[in-house]
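One structure is given below, encoded as structure tokens.
Protein chains in written order, with our numbering: chain A, 12 to 273; chain B, 3 to 280.
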């Protein structure tokens, strides 16, 4: 086989192997939810670190994204005399698309990297082996609590982002575009239907799962000392961010199909 | 009738004359040549086996194979009479609780205090807090580090971390202890302190052990000293005597080239061993 093809063959095999390993890793992480022992204390601790810890960046991102949406849309809509639709535009964009994706990306940058570096450091300093030697399953103790906590907290953080994003849009509409606040909120509220809410709140469940499993996977597979920890951290952020964007497309398409009757 | 205590279980296990660990034609390779090639040996009850060899020869790999942290490519490994080669991780977790392991750099959980590190095994078993406190203090007293109870591992020196790791390994009276280079990277004085603790453990409890080291001085101290309970410190055995339950294994190029006692080791004609001991 020519050298280039040989190399391609090798890369393809490694990628397939990685997908297989990741799938098994995810299955193990999820199936531990119904196996004892359960580490509820660790779930609460992770929920605090991931949820409460990410709150400031999610609030800031949501508020300013809502604000900039209002700023941009108000100017464009004014050209058609449709400035009154600013609230509708902001709330639909935030709730269906921007709040889940931006919250996912923010939490990914903060927590997928944190999980990969923390678990990676534990791997290279043999703390994971020590845990196994002491009779504890690291998947149950470290991975499953992170997956559960991230899924639940990303769901809640997305609701927060929806709220402050709409509020950010209102702030700009009222104080910078001189619009009527009641009109903004009425327009924002009336535009929303069940399908929008369902779509916006289904996505974070998938994104949370991606962030936690990718972060933990790269952390637990770390090799090569401190350099390896750095590499795992970068890979975790890049892969989880790309997967969030990719799955957002797939989920949006699926949701539009599912809710097409609404 | 009251249930047997862990110490009684340890003694029962040690009183059985069956080997605690058996390696049968074990081979393992990662990328490249075999790390271990057809390795066979046994660890008898109350026996301490010192595994010697140059750095990178596969000593730590062998130790991790002994309690199922790694799996061999071929051969059979028996721990407490059970073959662990094909065991599921779930079954292995239960079996590993009966062993204690001291890792190369201690491998203490850096987010937990010394108390929580040493008492980890008991806390996982939901033992009452007061009993955990009491047994942690007892284990820390054994390694003479009771004052580090509330400290974090980051504030301990390298030698202190190893001693805490020893306390963590012995807190539940294991039926076998695995020491992975417990003195690696330490100064001679601290190394002697660690070896003294290992000798104390060996002579006080008779726990079988597999100890990895590349420091000949530590190995021979183990073979030529015993713990004197009256003096509370280790003392040399009479001139010409060696500890009967302490013997050696030597690894070279993935193969086990020596398995025997101190006298046989020092009189060996193997060119590598001669050079290694020189």
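All C-beta atoms in this analysis are idealised placements derived from N, C-alpha and C, irrespective of residue type, glycine included.
- Per DSSP, residue 72 of chain A is one residue of the alpha helix (DSSP H) stretching across 64-89.
- Taking residue 35 of chain B as reference, the option from B:52, B:49, B:231, B:59 with the minimal CA-CA separation is B:59.
- With respect to residue 69 of chain A, residue 172 of chain A sits close: the two C-beta atoms are nearer than 8 Å.
- Taking C-alpha positions only, residue 29 of chain B is separated from residue 118 of chain A by approximately 45 Å.
- Burial check for residue 182 of chain B: the Cβ neighbour count within 10 Å reaches 16 or more, so the residue is buried.
- The Cβ of residue 138 of chain A sits closer than 8 Å to at least one Cβ of chain B.
- Straight-line measurement puts the Cα of residue 181 of chain A at about 11 Å from the Cα of residue 79 of chain A.
- A:146 is the residue among A:146, A:51, A:156, A:263 whose C-alpha sits nearest the C-alpha of residue 90 of chain B.
- Distances from the CA of residue 33 of chain A to each of A:158, A:225, A:17 were compared; the closest alpha carbon is that of A:225.
- Non-local C-beta neighbours of residue 204 of chain B in its own chain, meaning closer than 7 Å and more than five positions away in sequence, comprise 50, 211, ordered along the chain.
- For residue 21 of chain A, the closest Cβ of chain B is not nearer than 8 Å.
- Identification of residues in the region 83-98 of chain B having a C-beta nearer than 9 Å to some C-beta of chain A yields 91, 92, 94, 95, 96, 97, 98, given in sequence order.
- Neighbours of residue 25 of chain A across chain B, judged by C-beta separation under 7 Å, do not exist; the nearest C-beta is about 13 Å away.
- Contact note: residue 106 of chain B reaches chain A through 137, using a C-beta cutoff of 9 Å and chain order.
- When DSSP states are grouped into helix, strand and coil, residue 178 of chain B belongs to the strand group.
- Look at the beta carbons and you see the region 238-248 of chain B touching the region 219-228 of chain B: at least three pairs across the two are nearer than 8 Å.
- Non-local beta-carbon contacts of residue 161 of chain A in its own chain, meaning distances under 7 Å to residues more than five positions away in sequence, involve 61, 122, 219, 222, 223 in chain order.
- Residue environment for residue 17 of chain A: exposed (fewer than 16 other C-beta atoms within 10 angstroms of its C-beta).
- Membership of residue 51 of chain B in the beta strand (DSSP E) is indicated by the continuous run 50-54.
- Between the C-alpha atoms of residue 134 of chain B and residue 214 of chain A there is a straight-line separation of about 44 Å.
- Residue environment analysis places residue 235 of chain B among the exposed positions, since fewer than 16 neighbouring C-beta atoms fall within 10 angstroms of its C-beta.
- Contact with chain B is absent for residue 241 of chain A, since none of that chain's Cβ atoms lies less than 8 Å from the residue's Cβ.
- Under the DSSP assignment, residue 168 of chain B falls in the alpha helix (DSSP H) whose first and last residues are 160-172.
- Just so you know, the alpha carbons of residue 243 of chain B and residue 129 of chain B end up roughly 43 Å apart.
- Relative to residue 110 of chain A, the option among A:133, A:74, A:140 whose CA is nearest is A:74.
- Proximity of residue 80 of chain B to chain A, defined by a Cβ-Cβ separation below 8 Å, is not satisfied.
- If you draw a straight line from the Cα of residue 173 of chain B to the Cα of residue 250 of chain A, it is about 42 Å long.
- CA-to-CA, the gap between residue 40 of chain B and residue 189 of chain B works out to about 35 Å.
- Assigned with DSSP and collapsed to three states, residue 119 of chain B falls in helix.
- The beta-carbon distance between residue 213 of chain B and residue 69 of chain B, rounded to whole angstroms, is 14 Å. This is too long to meet the 8 Å contact definition.
- For residue 249 of chain B, the enclosing beta strand (DSSP E) stretches over residues 248-254.
- As computed with DSSP, residue 103 of chain B is found in a beta bridge with B:180.
- Per DSSP, the continuous alpha helix (DSSP H) segment holding residue 56 of chain A begins and ends at 51-58.
- In chain order, 21, 22, 23, 51, 210, 212 place their CB closer than 7 Å to the CB of residue 45 of chain B, counting only its own chain and leaving out the 5 sequence neighbours on each side.
- Across the structure, residue 165 of chain A and residue 81 of chain B are spaced so that their CA atoms are roughly 45 Å apart.
- Put simply, the region 126-142 of chain A touches the region 100-109 of chain B. At least three CB pairs are less than 8 Å apart.
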